[in-house]
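Asker: The structure follows.
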Amino acid sequence: MKNSKPLVILGETILPGQSKTIDMEIAKLHNAAKLKIPVIIQRSKIDGPTVLFSAGIHGDEINGVEIVRQLITKKINKPKRGTIICIPIINMFGYINMSRQFPDGRDLNRVFPGTKKGSLASRFAYHVMTEILPHIDYAIDFHAGGASRFNAPQIRLVPDNVELKQLADIFNAPFTLFSKNIAGTFRNSSQKTNVKMLLFEGGKSLDINDDVADAGTEGVKRFLSFLGMLDPKHEVQFKESESIYINKSLWLRAKCSGMLHDHNKIGQFVKKGDVLATISDPFGKFEQKVKAPNDGYIINANHSPIVYQGDAVYHISKTLYNEPK
């Protein structure tokens, strides 16, 4: 069906069949230089849904930025029908400073939906919610692990949502975690506005991992193909294996401080008692083994060479969605 409806975002009109980059400007840098957040819009002449691919809510999570960048450079964001909006870096302030936070010290992903006259982060969240989200039907927000913690590629979604579960099945990341929405997050506010959003986690902060980027871009192609939006020139790789769904998981924390020697078990299934790492002091006086507390998959590993007692070192699955009860 031919699309004749104009799309108006941030005061700019994008007609069917047009592509346009709109610079979102909320505030200047402290030296009065303008700070522009590019919003890249591609529209088909054929009617269809509007999908948002976003990254960089935390400015140091570069792997998500890389995935959205690849969607643009490979022209995966040029839809067969409907509209695709890409925002590779939402928190440009943090990206410039290689920091997770906004300049006001706030975590942007804890202040949604924001307010018109609040803090800088809150004002920015408000503009995203009022200027972008009203046009969106589906979204995938790309993240990476923080504080040197490496996430195996995974989709996160709320439990008991049949439609999101179907979309996660289609995306088919190596792992899918059921997790409740957290107040103040982009995902939580999106759900309240009926935007069907998946959250992708993969890799770690201030790092680009090719395998994670591949998992993200291939999942997006399957996602768009399901919606009838993927240009036929793009080959879709349908995996034989299905995503491993995780109902419950736990964080394994360091019992002592020291140097962490990771045994590279990320993404693997381990048995209770398997040695995941060792923690040692720098003087050769002790070495403590870090053992799996139960059978499960390692979905996050701390890659920091130094840990303190109580630091999270591994995220391990506890129960699987399809395992017998």
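Using this note's numbering, the letters of the sequence shown correspond one by one to residues 40 to 364. Where a beta carbon is used, it is the ideal one built from N, C-alpha and C, also for glycine. As the structure is a prediction and not an experimental result, all values here were calculated from the model.
1. Classify valine 251: buried if its beta carbon has 16 or more other beta carbons within 10 angstroms, exposed otherwise.
2. Which of helix, strand or coil does DSSP assign to lysine 155?
3. In whole angstroms, what separates the C-alpha of glutamate 105 from that of lysine 324?
4. Do phenylalanine 181 and isoleucine 285 have their beta-carbon atoms positioned less than 8 Å apart in this structure?
5. Would you give the residue range spanned by the beta strand (DSSP E) that glutamate 326 belongs to?
6. Quick check on this structure: which residue in Leu46, Gly103, Gly98 and Lys235 has the alpha carbon closest to the alpha carbon of glutamate 170?
7. Three-state secondary structure (DSSP) at leucine 68?
8. Specify the secondary structure class of tyrosine 165 as computed by DSSP and reduced to three states.
9. Under 8 Å, do lysine 287 and histidine 273 count as touching if we go by C-beta distance?
10. In chain order, what residues of the same chain have a beta carbon less than 8 Å from the beta carbon of valine 197, not counting five sequence neighbours either side?
11. Answer yes or no: the CB of arginine 149 versus the heavy atoms of the ligand GTP, is any distance below 7 Å?
12. Tell me which same chain residues have a C-beta within less than 7 Å of the C-beta of leucine 159, skipping the five on either side of it?
13. What residues in its chain sit with their C-beta under 7 Å from that of glutamine 327, if we drop five residues either side in the sequence?
14. Can you name the residues that DSSP bridges to glutamate 51?
15. Should serine 343 and leucine 299 be called a contact, given that it needs their Cβ atoms to be closer than 8 Å?
16. Applying the criterion that 16 or more other CB atoms from any shown protein chain within 10 Å of the CB defines a buried residue, is aspartate 99 buried or exposed?
17. Just the Cα atoms here: how many angstroms apart are glycine 121 and aspartate 270?
18. State the Cα-Cα distance for the pair arginine 165 and leucine 206, rounded to the nearest angstrom.
19. Which class does histidine 300 belong to by DSSP, given the choice of helix, strand or coil?
20. Just to check my reading of the structure: phenylalanine 225 and isoleucine 96 have Cβ atoms closer than 8 Å, yes? What is that Cβ distance to the nearest angstrom?
21. Can you tell me whether lysine 364 is buried or exposed? The criterion is at least 16 other CB atoms within 10 Å of its CB, across all chains shown.
22. Rounded to whole angstroms, what's the CA-CA distance from serine 187 to isoleucine 115? Just pull it up for me.
23. In chain order, what residues of the same chain lie with their CB nearer than 7 Å to the CB of glutamine 57, ignoring the 5 residues before and after it?
24. Which residue wins for smallest C-alpha separation from isoleucine 101, given the options Ser244, Ile129, Lys75 and Asn211?
25. Would you tell me roughly how many angstroms separate the C-alpha atoms of isoleucine 48 and threonine 60, rounded to the nearest one?
26. Buried or exposed for lysine 235, please, with buried defined as at least 16 other CB atoms from any protein chain shown within 10 angstroms of its CB.
27. DSSP three-state label for glutamine 81, please.
28. Please state if the CB of serine 93 and the CB of isoleucine 126 are separated by a distance shorter than 8 Å.
29. What does the alpha-carbon distance come out to for the pair aspartate 86 and threonine 112?
30. Could you tell me which whole alpha helix (DSSP H) segments of length 4 or greater appear in the segment 242-272?
Answerer: Reading from the atomic positions:
1. Position 212 of the sequence shown, counted from the first residue, corresponds to residue 251. So valine 251 counts as buried.
2. Within the sequence shown, numbered from 1, the residue matching residue 155 stands at position 116. In the structure shown, lysine 155 sits in coil (DSSP, three-state: anything other than H, G, I, E or B).
3. The residue you call residue 105 lines up with position 66 of the sequence shown. The residue you call residue 324 lines up with position 285 of the sequence shown. Using only the alpha carbons, I get a separation of about 42 Å.
4. Indexing the sequence shown from 1 puts residue 285 at position 246. Indexing the sequence shown from 1 puts residue 181 at position 142. In this structure, phenylalanine 181 does not lie closer than 8 Å to isoleucine 285 by Cβ.
5. Taking the sequence shown and counting its residues from 1, one reaches residue 326 at position 287. Its beta strand (DSSP E) spans residues 326-330.
6. For the purposes of this step, residue 170 is identified with residue 131 of the sequence shown, where counting begins at 1. When only C-alpha atoms are compared, the closest one is Leu46.
7. Your numbering for residue 68 matches position 29 in the sequence shown. Reduced to three states, the DSSP call for leucine 68 is coil.
8. The residue labelled residue 165 in the question sits at position 126 within the sequence shown. If DSSP states are grouped into helix, strand and coil, tyrosine 165 belongs with the helices.
9. Residue mapping note: residue 287 aligns to position 248 of the sequence shown, counting from 1. Residue mapping note: residue 273 aligns to position 234 of the sequence shown, counting from 1. No, the Cβ-Cβ distance between lysine 287 and histidine 273 is not below 8 Å.
10. The residue given as residue 197 occupies position 158 in the sequence shown. Leu203, Phe217, Ser218, Lys219, Asn220 and Gln230, listed in sequence order.
11. You won't find the ligand GTP in this model; it holds no ligand whatsoever.
12. In the sequence shown, residue 159 corresponds to position 120, counting from 1. The residues are Ala66, Phe141, Pro142 and Asp143.
13. As a first step, residue 327 is located in the sequence shown; it is residue number 288 there, counting from the start. For glutamine 327, where only same-chain residues beyond five positions count, the Cβ hits under 7 Å are Lys294, Cys295, Thr317 and Ile318.
14. Residue 51 sits at position 12 when you count from the first residue of the sequence shown. Looking at the DSSP assignment, glutamate 51 forms a beta bridge with Ile48.
15. If you number the sequence shown from 1, residue 343 lands on position 304. If you number the sequence shown from 1, residue 299 lands on position 260. Yes. Within cutoff.
16. Along the sequence shown, read from residue 1 onward, the residue named residue 99 stands at position 60. Counting the other Cβ atoms within 10 Å of the Cβ of aspartate 99 gives 16 or more, which makes it buried.
17. As a first step, residue 121 is located in the sequence shown; it is residue number 82 there, counting from the start. As a first step, residue 270 is located in the sequence shown; it is residue number 231 there, counting from the start. Cα to Cα, the separation comes out at about 11 Å.
18. The residue you call residue 165 lines up with position 126 of the sequence shown. The residue you call residue 206 lines up with position 167 of the sequence shown. First, the amino acid is wrong: residue 165 is tyrosine here, not arginine. Approximately 27 Å between the Cα atoms of the pair.
19. For the purposes of this step, residue 300 is taken as residue 261 along the sequence shown, with counting starting at 1. Strand, per DSSP.
20. Within the sequence shown, residue 225 is the residue found at index 186, counting from 1. Within the sequence shown, residue 96 is the residue found at index 57, counting from 1. About 6 Å separates the two Cβ atoms, so the contact holds.
21. Start at 1 with the first residue of the sequence shown, and residue 364 comes out as number 325. With a pLDDT of 43 at lysine 364, under the threshold of 50, the modelled position of that residue is not reliable, and no figure is offered here.
22. Along the sequence shown, one-based indexing puts residue 187 at 148. Along the sequence shown, one-based indexing puts residue 115 at 76. Cα to Cα, the separation comes out at about 30 Å.
23. Walking along the sequence shown from the start, residue 57 turns up at place 18. Excluding residues within five positions, the ones whose Cβ falls inside 7 Å are Arg82.
24. Along the sequence shown, one-based indexing puts residue 101 at 62. Ranking Ser244, Ile129, Lys75 and Asn211 by Cα distance to isoleucine 101 puts Ser244 first.
25. Residue mapping note: residue 48 aligns to position 9 of the sequence shown, counting from 1. Residue mapping note: residue 60 aligns to position 21 of the sequence shown, counting from 1. One C-alpha to the other measures close to 11 Å.
26. Position 196 of the sequence shown, counted from the start, is the residue given in the question as residue 235. Classification of lysine 235: buried, given that the 10 Å Cβ count is 16 or more.
27. Indexing the sequence shown from 1 puts residue 81 at position 42. Here glutamine 81 sits in strand by DSSP.
28. Counting from one through the sequence shown, the residue named residue 126 turns up at place 87. Counting from one through the sequence shown, the residue named residue 93 turns up at place 54. Against a cut-off of 8 Å, the Cβ pair of serine 93 and isoleucine 126 comes out as a contact.
29. Position 47 of the sequence shown, counting from 1, holds the residue named residue 86. Position 73 of the sequence shown, counting from 1, holds the residue named residue 112. Approximately 24 Å between the Cα atoms of the pair.
30. 249-265
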